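Report on the following structure.
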Amino acid sequence: MRFLALLKGQQKEILGNGVVQILIVLGFGYSLVNGAALHEGSYVNFSFSSSPISDTGSLLIFASILCGTILGITQFWIPGFRRTWHFLLHRCASRTTILLSQITAAVITLVIFTGGSWTLLFLYASLPKLFILPPTCRVYIEGWLFISLGLLSYLGVALSGINPAPLYSTKLFGITLAGIVLIVTFMQLGILWASAVIAAGILILAIQLYSMFLEREF
Amino acid sequence: MPNKLLIRYLAKPAEILTALVILLLLVFIVQMIALGIEEVLIVPTQREQATDIPNKPKELTTQEKISRSQKEFLPDGTIHFLYSANDADDGTKNATEIFDANSNLIWKGVKFND
Chain A
68 MRFLALLKGQ QKEILGNGVV QILIVLGFGY SLVNGAALHE GSYVNFSFSS SPISDTGSLL
128 IFASILCGTI LGITQFWIPG FRRTWHFLLH RCASRTTILL SQITAAVITL VIFTGGSWTL
188 LFLYASLPKL FILPPTCRVY IEGWLFISLG LLSYLGVALS GINPAPLYST KLFGITLAGI
248 VLIVTFMQLG ILWASAVIAA GILILAIQLY SMFLEREF
Chain B
509 MPNKLLIRYL AKPAEILTAL VILLLLVFIV QMIALGIEEV LIVPTQREQA TDIPNKPKEL
569 TTQEKISRSQ KEFLPDGTIH FLYSANDADD GTKNATEIFD ANSNLIWKGV KFND
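Those protein sequence lines, which keep their order, are chains A and B. Residue numbering for the first sequence follows this note's numbering, starting at 68 and increasing by one per position. Residue numbering for the second sequence follows this note's numbering, starting at 509 and increasing by one per position.
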């Protein structure tokens, strides 16, 4: 019950981020897809980069990374910015519950708001009237990979945020690792390898975040 | 708290892995910088040194020159040897030298009707 109450509170607090995500992905994405529909003809339509809605890929990357970074900063880097920190001070909920509620709220924002907007945009692009060759299922999966980069950046920023080390020391290791995984993902690896690299990065960052959150004095 | 212990055991290797990956990135960056410096500073110097050594044309013996020359028999019964230094890179490309039978240079210049 405490977890659900915390999650509800968290979700209310970060609802604005979700709305911004919808506005960015659907607002800009809609105009990008319509613009691409006017210039259709020079696309092979196999992967994201060669699909008629390739421009929305960079939009998704930007939106998800922006969302993850802002959530990471507001939830972990600035103590007191979100109300959940007070629960830590009063010890009325376990640290695991607090951390899980924060991470779950961020994941819900990314999955429902960003992912939902992406799904709607993809469905719109798949309408038979819009493109002669509609975007394939692979393009949709690649879009979700881009959204998972938001979770990666969120965990990287969160880990750096709660790391008590000085800025010139190991504090920025989380962000740096997230950045490395991001670069490796864009090295034309293919969907499976890119997914594996992102999953490994998320796992490594999440383990460190959980351990540091349990051990750190607040 | 077995969970806490487990996560601690998992977190240490994860931290080490993170540090290693970042270290590898730093090594990669330093390597790229070193290779860039080498390419900018050292390789051109070596190229300059290589280009400083002029390609000395091989000095041919008289017999070699005669065998590689075009023979022109004149109406007065004399023979002239037309030697074209087509492969020379010293500014005398396509220059033609005309020698008599005693290897005396009679004329040197560029033949335009080749």
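Even for Gly, the Cβ is constructed at its ideal location relative to N, Cα and C. For clarity, every value in this text was computed on a predicted model and none was experimentally measured.
(message) Cβ closer than 8 Å: which chain B residues qualify as neighbours of L105/A?
(response) Simply none; closest approach about 42 Å.
(request) Report the rounded CA-to-CA distance for V538/B versus I530/B, giving the unit in angstroms. (result) 12 Å
(message) Can you look up Q554/B in the DSSP assignment and give me helix, strand or coil?
(response) Reduced to three states, the DSSP call for Q554/B is helix.
(message) Judging by CA-CA distance, which residue of I545/B, N612/B, L534/B is the nearest neighbour of I587/B?
(response) N612/B
(message) Nearest by alpha-carbon distance to C159/A: which of F189/A, F70/A, L138/A is it?
(response) F70/A
(message) Measuring straight from C-alpha to C-alpha, what distance separates V92/A and S193/A?
(response) When the Cα atoms are used, V92/A and S193/A turn out to be separated by approximately 16 Å.
(message) To the nearest angstrom, how far is the alpha carbon of G223/A from that of W185/A?
(response) 23 Å
(message) I'd like to know whether the C-beta of V529/B is nearer than 8 Å to at least one C-beta of chain A.
(response) yes
(request) Return helix, strand or coil for K79/A, following the three-state DSSP convention. (result) helix
(request) State the DSSP-derived secondary structure class of S125/A, mapped to helix, strand or coil. (result) If DSSP states are grouped into helix, strand and coil, S125/A belongs with the helices.
(request) Let me know the secondary structure DSSP gives Y97/A once reduced to three states. (result) helix
(request) Report the neighbours of I537/B on chain A: residues whose CB is nearer than 7 Å to its CB, in chain order. (result) None at all; the shortest Cβ gap to chain A is about 11 Å.
(request) Mind the definition here: the segment 166-181 of chain A touches the segment 132-142 of chain A only if three or more C-beta pairs lie below 8 Å; say whether that holds. (result) yes
(request) Check the Cβ-Cβ distances between I271/A and every residue of chain B, and say whether any is below 8 Å. (result) yes
(message) With a threshold of 8 Å between beta-carbons, can L281/A be considered close to chain B, or not?
(response) When Cβ-Cβ separations below 8 Å define contact, L281/A makes contact with chain B.
(request) Determine, using beta carbons only, whether A104/A and F189/A come nearer to each other than 8 Å. (result) no
(request) Output, in chain order, the set of chain B residues within a Cβ distance shorter than 8 Å of L244/A. (result) T526, V529, I530
(message) Taking 8 Å as the threshold (beta carbon to beta carbon), is Q78/A in contact with chain B?
(response) So no, Q78/A is outside the interface.
(request) For N511/B, count neighbouring C-beta atoms within 10 Å of its own C-beta (all shown protein chains included) and say buried if the count is 16 or more, exposed if not. (result) exposed
(request) Rounded to whole angstroms, what's the CA-CA distance from G94/A to I545/B? Just pull it up for me. (result) 46 Å
(message) Which complete alpha helix (DSSP H) runs does the segment 226-272 of chain A hold, if anything under 4 residues is left out?
(response) 240-252
(request) Tell me, please, whether the CB atom of L513/B is closer than 8 Å to any CB atom in chain A? (result) No, L513/B does not count as interfacial toward chain A.
(message) Can you pull the chain A neighbours of A522/B, defined as C-beta to C-beta under 7 Å?
(response) I271, I274, Q275
(request) Determine whether the Cβ of D595/B lies closer than 8 Å to any Cβ atom of chain A. (result) With a pLDDT of 49 at D595/B, under the threshold of 50, the modelled position of this residue cannot be trusted, and the question is left open.
(message) 8 Å is my cut-off, CB to CB: does L549/B come that close to chain A?
(response) no
(request) Less than 8 Å between the CB atoms is what I'm expecting for L90/A and L126/A, so what's the real figure, rounded? (result) L90/A to L126/A, Cβ: 12 Å. No contact.
(request) Evaluate contact between the segment 255-265 of chain A and the segment 223-242 of chain A, counting only Cβ atoms and requiring at least three cross-stretch pairs below 8 Å. (result) no
(message) Residues in the same chain with beta-carbon distance under 8 Å from M279/A, minus the five sequence neighbours each way, listed in chain order, please.
(response) Non-local C-beta neighbours of M279/A in its own chain, meaning closer than 8 Å and more than five positions away in sequence, comprise L226, I229, N230, ordered along the chain.
(message) Only counting the same chain, and skipping five residues up and downstream in sequence, which positions put a Cβ closer than 8 Å to that of T252/A?
(response) Excluding sequence neighbours, T252/A sits near L212, L216, A261, V264, I265.
(message) Against chain B, with Cβ distances strictly below 8 Å, would F240/A count as a contact?
(response) The C-beta of F240/A comes closer than 8 Å to at least one C-beta of chain B.
(message) Which residue wins for smallest C-alpha separation from A519/B, given the options E282/A, L218/A, I274/A, R283/A?
(response) I274/A
(request) Check whether the Cβ atoms of S168/A and L74/A lie closer than 8 Å to each other. (result) yes
(request) State yes or no: is the C-beta of K573/B within less than 8 Å of the C-beta of Y591/B? (result) Yes, these two residues count as a Cβ contact at 8 Å.
(message) Counting only Cβ pairs nearer than 7 Å, list the residues of chain A close to L533/B.
(response) I247
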